[in-house]
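K.L.:
In the numbering used here, the protein residues as written are 39 to 947. From the three backbone atoms N, C-alpha and C, an ideal C-beta is built for every residue, glycine too. Structure provided below as structure tokens; questions to follow.
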């Protein structure tokens, strides 16, 4: 049986099981036991003692406690008095001599105490007498600080309690002198596993950002005390991930004390070496020689031996210097005065080559005021790192360069660049903080476009606000678009892209006008991206072919703007396959990876890789954690696409409720229109074509393919399906003619398939077979898995209705299997129902209604009327669980996957 108090501990199942077993044995009369919990400070020994105390109290034990104290380590029998004092008062179990000996030891009676053996012999009957009334649990914490006299008596008792219902549990740090004298089992309490540590951290600090939590987990190294206390020492902006974390996380006083004693015991030379190692990074390293060169008078061997003996760090078999726990490194830095840390940074910088980037980092850490030469070198290093895809790291260097700037304009320039780098590198809250720090500052004219870009980046991505995009970007683009007027290196293309996003998301006419006005001055890729999104049915002809040609010349590490434009264009024309986006997964910033996630989610839906939908939802959560709220919203929109396709009405409603209000406030027509299209797709999946047509005909009135409706070719497929299903054949053909007149088949292979598919859906009886054959014959038709399944379903339904059941069965069976593979239960049910209508019992699964028992048939008919399991149980006098079990067997027999399909699957009564 598991006790409710188990939830108080995380990752200590083996330890609690062992302690519970000892308590159970004592309670059952099997006998007593002694256990020693051994582990580092903060590892959770006290938590285990407290857990054992709560469990024992709940089970009727009398719980006695003692805690060793460093300040009272020299007071004889001090800990024993904590344990036995409550028992001694009023007890009649002891003879006069034994009572006197015990009272002298505990300080109750005047006189010198007897020897430890005599005191132990007096304490044992007292403890046994108490155990006859109720089992006893003795808890001793910090045994390593318990006075020697008490420790001797407690060990004496521990060896002699096997025959009485007494359990003794002590906790100590791993000191041989303590552990060797303690009887019974020793449990070594190790660090928590990464999984358990993560659970504990989220439980104690649920609001930590993902990035901060990851760093705290690494620093804590599975130490529960560190997991609890390190976040409390962080600034709120560090906790939320707004500001980047410092190189060394601050420790609480309790954490500092974990290693203070051992640090203080070292020589000054050994402490300096540990500091040099700590400031050089926490990973095992072979740079021992480097640090020692900064300490030329150091006795190398003696110092390393001393450090190894302290248990704080060691040189491993590969000759690498390593701290025994990440907290040691943090403690070394935390207890060292600032001036001494600065001197250590300077010493490290002096022994590093001038070309080593670490030298700059140490010089910057040692600087105590403005230093323009150092700031300029940091800026150069930041720009170099950014060019290699390390924007997140570059932002930190550039921010440090700004701090060291002697000139106000130089500071503003560097902070602006740091903000842009931080945003591109996945540290958007940090970028927001940097932009906010410039409010009210005078921005030099040469970086005004960059400043505007930084503001827009933060507003679009973090605040989901496009107002600044529409006011700042057209002017910035105008100042950068002319040849030779972009001194900031490729900024014009990035500004163009951000303005294009604003135009697509909001439909703002002014943004589209500015894009067209300056488009001819942009690169061929930027111009193509504009064409692909401006009015695809009419402006994107040949885009897929042209994109393939341009992508072939990009290589694997194009500029950031090129990667964005390439991926966004591919998404517009449904060509964002792995061979395209995989080129940009390694060497680019988080901003590019976010774009990849969005275009991949869209393409995976179109090509039937619906098992990736969980990853899309997870990616949305990760974007939210990083502060990329717009990305999170758009990824959830993609997730809603999967839910709609599967017919998951409740799931879709929940996602729509979460994202639609924000989209409305931001004026994101892209999102609100798309949600309407997805509502129509959901209605079609659930067999409600009238509802779908009502929605889509509002978005696409009069048989038109309107400008500004993103991915209108997807809506075209759905509106034609809905029109045909509701008997509006004329309206369906009007949409088909509009698409044919616009020549959407020239846009991309997917557009060509959609046009052929809707032509078949709306075709008359005479030309239908030829049209369906033409659609299946479009090159690459099999890539568009969900739409192909729907086309086969529609074709099979036509054939079945015209009496060609044999041909219909193959198409319907293929459609049903695809829907099952996609997890689209209603689609699979619809195909199965059509198969039954075509004479295939059970839709190919089971033997249909004929295989149901009488009870199953009664339950199925009641469920088909909409009754719940509880209501059915009330009618048939069954429990809701029994009804559910019956339905679990009924569905496979009928070849369906949901209650909604029951009515169609059952024969007339």
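Going residue by residue through the region 87–137, where are the continuous alpha helix (DSSP H) segments of at least 4 residues, counting only ones entirely within it?
P.N.:
116–126
K.L.:
Just to confirm, is the Cβ distance from residue 661 to residue 683 under 8 Å?
P.N.:
The residue given as residue 661 occupies position 623 in the chain shown. The residue given as residue 683 occupies position 645 in the chain shown. Against a cut-off of 8 Å, the Cβ pair of residue 683 and residue 661 comes out as no contact.
K.L.:
Should residue 96 be labelled buried (16 or more other beta-carbon atoms within 10 Å of its own) or exposed?
P.N.:
Within the chain shown, residue 96 is the residue found at index 58, counting from 1. The residue is exposed, with fewer than 16 neighbouring Cβ atoms inside 10 Å.
K.L.:
What does the Cβ neighbour count give for residue 158, buried or exposed, with the cut at 16 atoms within 10 Å?
P.N.:
Your numbering for residue 158 matches position 120 in the chain shown. Burial call: buried.
K.L.:
For residue 607, report the span of its alpha helix (DSSP H) as first-last.
P.N.:
As a first step, residue 607 is located in the chain shown; it is residue number 569 there, counting from the start. 598–610 is the extent of the alpha helix (DSSP H) around residue 607.
K.L.:
Please report the distance separating the alpha-carbon of residue 144 from that of residue 287.
P.N.:
Indexing the chain shown from 1 puts residue 144 at position 106. Indexing the chain shown from 1 puts residue 287 at position 249. Each residue's Cα considered, the two are about 45 Å apart.
K.L.:
Just tell me which of 733, 79, 605, 800 has its CA closest to the CA of residue 300.
P.N.:
As a working note, residue 300 is residue 262 in the chain shown. Checked all of 733, 79, 605, 800; the closest Cα to residue 300 is 79.
K.L.:
Quick check on the burial criterion: 16 or more other C-beta atoms within 10 angstroms. Buried or exposed for residue 306?
P.N.:
On the chain shown, residue 306 is found 268 positions in, with the first residue counted as 1. With fewer than 16 other Cβ atoms within 10 Å, it is exposed.
K.L.:
Please classify residue 880 as buried or exposed, where buried requires at least 16 neighbouring CB atoms within 10 angstroms.
P.N.:
Residue 880 sits at position 842 when you count from the first residue of the chain shown. Only weak support is given to the placement of residue 880: the predicted model assigns it a pLDDT of 48, under 50, and the value that follows is read from those uncertain coordinates. Answer is buried; the Cβ neighbour count reaches 16.
K.L.:
Please classify residue 279: is it buried, with 16 or more other beta-carbons within 10 angstroms of its beta-carbon, or exposed?
P.N.:
Taking the chain shown and counting its residues from 1, the one referred to as residue 279 is at position 241. Label assigned to residue 279: buried.
K.L.:
Could you tell me how far apart the beta carbons of residue 203 and residue 64 are, in whole angstroms, since I believe they sit closer than 8 Å?
P.N.:
Along the chain shown, one-based indexing puts residue 203 at 165. Along the chain shown, one-based indexing puts residue 64 at 26. 4 Å between Cβ atoms; contact.
K.L.:
To which residues of the same chain is residue 700 closer than 7 Å at the C-beta, ignoring the five residues directly before and after it?
P.N.:
Numbered from its first residue, the chain shown carries residue 700 at position 662. Same-chain partners within the cutoff: 502, 671.
K.L.:
Tell me which same chain residues have a C-beta within less than 6 Å of the C-beta of residue 455, skipping the five on either side of it?
P.N.:
Along the chain shown, read from residue 1 onward, the residue named residue 455 stands at position 417. Counting only Cβ-Cβ distances below 6 Å, and skipping sequence neighbours, we find 436.
K.L.:
Is the separation between the beta-carbon of residue 296 and that of residue 369 shorter than 8 Å?
P.N.:
Locating residue 296 in the chain shown gives position 258, where the first residue counts as 1. Locating residue 369 in the chain shown gives position 331, where the first residue counts as 1. Yes, the Cβ-Cβ distance between residue 296 and residue 369 is below 8 Å.
K.L.:
Exposed or buried, what is residue 39 when buried is set at 16 or more other beta-carbons lying within 10 Å of its beta-carbon?
P.N.:
Locating residue 39 in the chain shown gives position 1, counting from the first residue. At residue 39 the pLDDT is 41, less than 50, meaning the model places this residue with poor confidence and gives no usable figure here.
K.L.:
Helix, strand or coil for residue 265, going by three-state DSSP, please let me know.
P.N.:
Here residue 265 refers to the residue found at position 227 when the chain shown is read from its first residue. The answer is helix: DSSP assigns residue 265 an H, G or I state.
K.L.:
What distance in whole Å lies between the Cβ atoms of residue 943 and residue 934, which are believed to be in contact at a cut-off of 8 Å?
P.N.:
If you number the chain shown from 1, residue 934 lands on position 896. If you number the chain shown from 1, residue 943 lands on position 905. The Cβ separation is near 5 Å, so the contact holds.
K.L.:
Please report the straight-line C-alpha distance between residue 57 and residue 71, rounded to a whole angstrom.
P.N.:
The count along the chain shown starts at 1 and reaches residue 57 at position 19. The count along the chain shown starts at 1 and reaches residue 71 at position 33. The alpha-carbon atoms of residue 57 and residue 71 are separated by roughly 10 Å.
K.L.:
Quick check on the DSSP output: the beta strand (DSSP E) that includes residue 485 runs from which residue to which?
P.N.:
Position 447 of the chain shown, counted from the first residue, corresponds to residue 485. No beta strand (DSSP E) contains residue 485, which DSSP labels as neither H nor E.
K.L.:
Pull up the distance between the alpha-carbon of residue 926 and that of residue 714, whole angstroms please.
P.N.:
Walking along the chain shown from the start, residue 926 turns up at place 888. Walking along the chain shown from the start, residue 714 turns up at place 676. For residue 926 and residue 714, the distance between alpha carbons rounds to 34 Å.
K.L.:
Hey, how far is the Cα of residue 787 from the Cα of residue 775?
P.N.:
For the purposes of this step, residue 787 is identified with residue 749 of the chain shown, where counting begins at 1. For the purposes of this step, residue 775 is identified with residue 737 of the chain shown, where counting begins at 1. If you take the alpha carbons of residue 787 and residue 775, they lie about 19 Å apart.
K.L.:
Would you check if the distance between the CB atom of residue 641 and the CB atom of residue 678 is smaller than 8 Å?
P.N.:
In the chain shown, the residue the question calls residue 641 occupies position 603. In the chain shown, the residue the question calls residue 678 occupies position 640. Against a cut-off of 8 Å, the Cβ pair of residue 678 and residue 641 comes out as no contact.
K.L.:
With DSSP collapsed to three states, give me the class of residue 885.
P.N.:
The sequence position of residue 885 within the chain shown is 847, counting from 1. No answer about residue 885 holds up, because its pLDDT of 48 lies below 50 and its placement is not dependable.
K.L.:
Is residue 76 closer than 8 Å to residue 227 when the C-beta atoms are compared?
P.N.:
Residue 227 sits at position 189 when you count from the first residue of the chain shown. Residue 76 sits at position 38 when you count from the first residue of the chain shown. It is a contact, given that the beta carbons lie within the stated cut-off.
K.L.:
Curious, which full-length alpha helix (DSSP H) runs of at least 4 residues does the region 626–706 contain?
P.N.:
628–644, 651–664, 667–684, 687–704
K.L.:
Which ranges does the beta strand (DSSP E) cover as unbroken runs of at least 3 residues, wholly within the region 381–449, from first to last along the chain?
P.N.:
none
K.L.:
Just the Cα atoms here: how many angstroms apart are residue 221 and residue 658?
P.N.:
Sequence index remark: in the chain shown, residue 221 carries index 183 (1-based). Sequence index remark: in the chain shown, residue 658 carries index 620 (1-based). Answer to the nearest angstrom: the Cα atoms are 54 Å apart.
K.L.:
Using 10 angstroms around the beta-carbon of residue 884, count the other beta-carbons present and answer buried if the total reaches 16, otherwise exposed.
P.N.:
Within the chain shown, residue 884 is the residue found at index 846, counting from 1. For residue 884, the predicted structure reports a pLDDT of 45, less than 50, and the residue's modelled location is therefore unreliable. A value from the coordinates is still provided. Buried is the call here.
K.L.:
Under 8 Å Cβ to Cβ from residue 537, same chain only, skipping five residues before and after it: list those, please.
P.N.:
Here residue 537 corresponds to residue number 499 of the chain shown, with the count starting at 1. Correct list, in chain order: 507, 511, 512, 515, 549, 552, 553.
K.L.:
How many Å lie between residue 199 and residue 206 at the Cα?
P.N.:
In the chain shown, residue 199 corresponds to position 161, counting from 1. In the chain shown, residue 206 corresponds to position 168, counting from 1. Those two C-alpha atoms are separated by around 9 Å.
K.L.:
Exposed or buried, which one is residue 83 when buried takes at least 16 other CB atoms within 10 Å?
P.N.:
Working through the chain shown from its first residue, we reach residue 83 at position 45. Label assigned to residue 83: buried.
K.L.:
Just mark residue 223 as buried or exposed, buried being the case when its beta carbon has 16 or more other beta carbons within 10 Å.
P.N.:
For the purposes of this step, residue 223 is taken as the residue at position 185 of the chain shown. Exposed: under 16 other Cβ atoms inside 10 Å.
K.L.:
By the three-class DSSP mapping on this structure, what secondary structure does residue 624 have?
P.N.:
Residue numbering aside, residue 624 sits at position 586 when the chain shown is read from its first letter. Low confidence applies here, because residue 624 scores a pLDDT of 47, under 50, leaving its location unreliable; read the following figure in that light. Residue 624 falls in the coil class under three-state DSSP.
K.L.:
Spell out the partners DSSP gives residue 948 in its beta bridges.
P.N.:
What is shown of the chain runs 39 to 947, which leaves residue 948 out entirely.
K.L.:
Quick check on this structure: which residue in 340, 62, 680, 755 has the alpha carbon closest to the alpha carbon of residue 773?
P.N.:
As a working mapping, residue 773 is identified with position 735 in the chain shown. Of the residues 340, 62, 680, 755, the one whose Cα lies closest to the Cα of residue 773 is 755.
K.L.:
For residue 206, which beta-bridge partners are listed by DSSP?
P.N.:
On the chain shown, position 168 is the one that residue 206 refers to. In the DSSP output, where bridge partners are listed per residue, residue 206 has 72, 176.
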